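Residue numbers (the working numbering): 377 to 541.
Backbone N, C-alpha and C fix where the C-beta goes; we use that ideal spot for every residue, glycine too.
All of these numbers come straight from a predicted model, not from anything done at the bench.
Here is the structure we will look at, set down as structure tokens.
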């Protein structure tokens, strides 16, 4: 019975993370897409520290957000994969310093998104410049907002997220 309950909990948490990611991205759509983007939803990339259910939740949320946001296929695929990679590595760093947790999604997006912008959307800006602009947005979203979220959730992690391996 416990195994079935933990599967249901995992799916419910993943679905909630995906839904919140989509809502936050679409509510802030005016600054969630483009060369200079600050996705408030990227603050949720801190959640794999608390639960592995956030990994598929973030991936699916990003995938749905990119589809609903009218992104092109390479952005839907590679942007979502960048979020997935960032979430996996955030989970792997969960027992390290909380200040390391935002780094994987920041790095993944700084590496992937500028190439999607350049070769998918034909943005004429230099890739290093777009790495800088995407990086600034990710530091604001994942670094600043993500760490604020981490601090807020840390107080209630045993209530909100049941311990999962």
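- Non-local beta-carbon contacts of residue 475 in its own chain, meaning distances under 8 angstroms to residues more than five positions away in sequence, involve 523 in chain order.
- Annotation for residue 424: 430, 431, 463, 466 and 467 place their beta carbon closer than 6 angstroms to its own, counting only its chain and skipping 5 residues before and after.
- Within the segment 445-527, the runs of alpha helix (DSSP H) that reach at least 4 residues and sit entirely inside it are, in chain order, 456-468, 479-495 and 503-514.
- Of the residues assessed, residue 460 falls on the buried side of the cut-off, its CB having 16 or more other CB atoms within 10 angstroms.
- Distance from the CA atom of residue 427 to the CA atom of residue 485, rounded to whole angstroms, is 21 angstroms.
- By the Cβ rule, the segment 499-507 does not count as touching the segment 388-406, because fewer than three pairs are nearer than 8 angstroms.
- Its chain contains 445 as the residues whose beta carbon lies nearer than 8 angstroms to that of residue 405, once the 5 sequence neighbours on both sides are disregarded; these appear in chain order.
- In the three-state DSSP reduction, residue 413 falls in the coil class, being neither helix nor strand.
- Sixteen is the threshold: since fewer than 16 other Cβ atoms of the shown chains lie within 10 Å of the Cβ of residue 530, the residue is exposed.
- Closest in alpha carbon position to residue 394, among 412, 419 and 380, is 419.
- Assigned with DSSP and collapsed to three states, residue 532 falls in coil, not helix or strand.
- Our two residues, residue 469 and residue 421, have alpha carbons roughly 12 angstroms apart in a direct line.
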